[in-house]
Structures are given as C-alpha cells and as structure tokens.
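Plus 2 on top of the position in the sequence shown (first one is 1) and you've got this note's numbering.
Note that the Cβ used here is the ideal one computed from N, Cα and C, for glycine as well.
Everything on this sheet refers to the single structure shown next.
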Amino acid sequence: MRSNRVILAGEASVNLVVPLSVKSGGSGDLDFGDILVTNTSFTETISPKKGKEFLVVGQPGRNVTIRFNSVELTNYQWASLNNGEMGQLKFIPNVVLQNSKKVIDGSAFPLNKKGLIGELILQVGGAITVNPKQPIGNYEGLFVLSVTY
C-alpha cells in the first residue's frame, strides 16, 4: 500500500515592543486660580511650560499618535450646592513637545531613545475666554490626552 504524505510549512513571527504608557510629571497644573468677573470679555491663559507635563514611555524610535480636544468646564456642581447660576467655559488646550514644537491633535512623533526605552515629554497649557457677566463658581472639567502606537 502506497501513502501520500504532504508536509506544509509556514513561518511564525512576532514583534515584541515596550508597552506604551503616559504618566503625569512635573509640578505644573491646569488651575487658572481665582479670576475676577468683569463687564468685558477677556482670555486667561496658562503657557505649556507652566501647565501640566506628561511623560510618554514606550518603544524607542516608534511613532506615537497624540489625541486630545477642547474641554467644557462647568460650574454645575458648585451651582447646585450654592443655589447659583449654571455656566460653562471652553478650555482650549495648547500642547507642545519639550522643545516647544506645537502638537496638533492627531499628529505623530517618534519616541526618543533613552536607554532601553523611548520617551516623549508633552507640556500642556491652554486658554479660557471669560464672557461678560459669566456666572460665578468653581468650574471643572476633565482634560484627556491619549497616545497610541
């Protein structure tokens, strides 16, 4: 009896990479502090250098895409506790790399080699425009910055 034997071969491969992470660093923040409301519109800003710093860590040389957008700040919690008028402010972020290069939502940058890992330092500031007779109160919102390979 004759048998036919067929052997198939295939390749297997894998690319192991350093996990991607973002952590808050530095001593800055995105707190505008106390602002006096007037009868005219004005804009308050926090420069990225004085704002919040984020450290991105991952595979050296690999590009990461950075995503973020504007945030609505509200005084709703304060207003409900103090029988106040509800209001909103729009926080428009200003994101730069440590070397002051502007970062636009959706842009990609390589992680700089530092030993066995790659790093990228992002600095975030931003602006809010306070309208005439803006309702008073503590305004809060959540700024989200995400990175992906």
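Which class does residue i belong to by DSSP, given the choice of helix, strand or coil?
i       : result
Lys-2   : Because the chain in this structure spans residues 3 to 151, residue 2 falls outside the shown range and cannot be described.
Glu-142 : strand
When the Cα of residue i is compared with those of the options, which residue comes out closest?
i       : options                           : result
Leu-99  : Gly-108, Ile-123, Gly-12, Ala-110 : Ile-123
Asp-107 : Gln-79, Leu-75, Glu-13, Asn-96    : Asn-96
Val-149 : Gly-86, Val-66, Lys-104           : Val-66
Phe-145 : Lys-51, Ser-26, Pro-62, Asn-101   : Ser-26
Met-88  : Val-105, Pro-137, Leu-32          : Pro-137
Leu-57  : Phe-44, Gly-30, Asp-36            : Gly-30
Thr-2   : Thr-131, Tyr-151, Gly-143         : Nothing in the structure corresponds to residue 2, since the chain is present only between 3 and 151.
Lys-104 : Phe-44, Lys-51, Leu-38            : Lys-51
With burial defined as no fewer than 16 other Cβ atoms inside 10 Å of the residue's Cβ, what is the status of residue i: buried or exposed?
i       : result
Pro-21  : exposed
Gly-120 : buried
Pro-112 : exposed
Ile-9   : exposed
Pro-134 : exposed
Ile-48  : buried
Gly-139 : buried
Pro-147 : In the sequence under discussion, the amino acid at residue 147 is Leu, which differs from the Pro named in the question. Per the 10 Å Cβ criterion, buried.
Asn-71  : exposed
Lys-54  : buried
Gly-128 : buried
Leu-18  : exposed
Asn-84  : exposed
Val-16  : exposed
Gln-79  : exposed
Asn-101 : exposed
Strictly by DSSP, which residues pair up with residue i?
i       : result
Ser-23  : Val-59
Asn-65  : Pro-112
Phe-44  : Val-132
Glu-74  : Lys-92
Lys-54  : Val-126
Val-149 : Ile-68
At 4 residues or longer, and completely inside the stretch 76–129: list those alpha helix (DSSP H) runs for me, N to C. Taken in chain order, the complete alpha helix (DSSP H) segments of 4 or more residues contained in the stretch 76–129 are 78–84.
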